[in-house]
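Taken in order, these protein sequences are the chains called A and B. In terms of the numbering used here, the first sequence has 27 at position 26, counting the first letter as 1, and numbering is strictly consecutive. In terms of the numbering used here, the second sequence has 127 at position 101, counting the first letter as 1, and numbering is strictly consecutive.
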Amino acid sequence: KNQVEQSPQSLIILEGKNCTLQCNYTVSPFSNLRWYKQDTGRGPVSLTIMTFSENTKSNGRYTATLDADTKQSSLHITASQLSDSASYICVVSGKNTGFQKLVFGTGTRLLVSP
Amino acid sequence: GAVVSQHPSRVICKSGTSVKIECRSLDFQATTMFWYRQFPKKSLMLMATSNEGSKATYEQGVEKDKFLINHASLTLSTLTVTSAHPEDSSFYICSARAMSGAAPYEQYFGPGTRLTVT
Chain A
2 KNQVEQSPQS LIILEGKNCT LQCNYTVSPF SNLRWYKQDT GRGPVSLTIM TFSENTKSNG
62 RYTATLDADT KQSSLHITAS QLSDSASYIC VVSGKNTGFQ KLVFGTGTRL LVSP
Chain B
27 GAVVSQHPSR VICKSGTSVK IECRSLDFQA TTMFWYRQFP KKSLMLMATS NEGSKATYEQ
87 GVEKDKFLIN HASLTLSTLT VTSAHPEDSS FYICSARAMS GAAPYEQYFG PGTRLTVT
């Protein structure tokens with residue numbers, strides 16, 4: 002069964018600190034993996050998208066890694082800001098699935114406190 | 027960048043009435059649009075896939091007569107919640123898949139519509 006699991010479910014960190022969110026998936030065959038940031042009451046916004054051959058991709062203070070062999074990904078947030086408080090969703094797309102149906106993780110809710 | 031809008035952003039309606047939510051791709055054409063539903067503190071659940079000019083494909087357990095989807099053009103899809111009940115209250119999000127451009131087949135999400143049925 003195609004699944005995406007994220008950990009931790011929730012996380013509280015102090016402003017300025019770094020944190021790493023984890024994503025494990027069983028989607029096969031694999032096409033790409035995306036990390037989204039979703040603010041409360043808003044739609045998801047793409048942070049990074051990685052294909053099979055990519056190991057790391059950065060977007061400002063966000064750095065995503067991908068290990069396609071172990072089917073694991075992480076999202077590292079550097080020097081956190083209050084505005085980073087949101088849910089972070091790992092989404093995996095299967096290969097050759099026509100409409101590229103996305104498999105969503107349950108998300109990690111991050112709270113950055115002052 | 028690709029922008030997807032939804033209208034309205036919030037709507038409150040009475041039980042038994044119908045509500046229409048619009049999803050528009052503002053600066054690109056989308057042959058395929060997707061409708062999701064999200065419960066509090068949960069992830070997005072795909073409800074249906076909408077293709078321009080053809081009938082939508084609904085996920086298992088989603089009532090097609092309850093959630094009417096129309097994809098009349100390459101930039102507009104609508105979701106109509108018919109005879110709404112309080113249990114239909116939820117956050118509805120659409121996404122649109124680009125046909126071409128810098129990131130073809132990438133999905134872009136709308137900002138969501140909060141539906142409250144009283």
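Backbone N, C-alpha and C define an ideal beta-carbon position, used for all residues, glycine too.
C-beta neighbour in chain A for residue i, strict 8 Å
i       : result
Pro34/B : no
Arg63/B : no
Ile95/B : no
Gly79/B : no
Lys68/B : yes
Pairwise C-alpha distance: residue j and residue i
i        : j        : result
Asp114/B : Ser8/A   : 29 Å
Tyr89/A  : Gly87/B  : 27 Å
Thr108/B : Gly106/A : 29 Å
Ser99/B  : Thr57/B  : 8 Å
Below-8 Å beta-carbon distance, residue i vs any chain B residue
i        : result
Pro115/A : no
Gly17/A  : no
Arg62/A  : no
Gly108/A : yes
Those residues which DSSP pairs with residue i across a bridge
i        : result
Val104/A : Val93/A
Glu132/B : None; Glu132/B has no bridge partner.
Asn60/A  : Tyr63/A
Glu160/B : There is no way to answer for residue 160/B, as the model of chain B reaches only from 27 to 144.
Residue i and residue j closer than 8 Å at C-beta
i        : j        : result
Phe153/B : Leu72/B  : Examination of residue 153/B is not possible in this model, given that chain B is present from 27 through 144 alone.
Ile38/B  : Thr142/B : yes
Val113/A : Gln82/A  : yes
Lys46/B  : Thr144/B : no
inquiry  = Taking contact to mean 3 or more Cβ pairs, one atom from each stretch, closer than 8 Å, check whether the region 131-143 of chain B and the region 72-89 of chain B are in contact.
reply    = no
key: Sufficient close CB pairs (3 or more, under 8 Å) joining the region 60-70 of chain A to the region 29-45 of chain B   = no
ask   = Using 8 Å as the threshold, is the region 32-44 of chain A in touch with the region 76-95 of chain A, meaning 3 or more CB pairs across them?
value = yes
task = Count the CB pairs spanning the region 18-28 of chain A and the region 102-118 of chain B that are closer than 8 Å, and state whether there are at least three.
result = no
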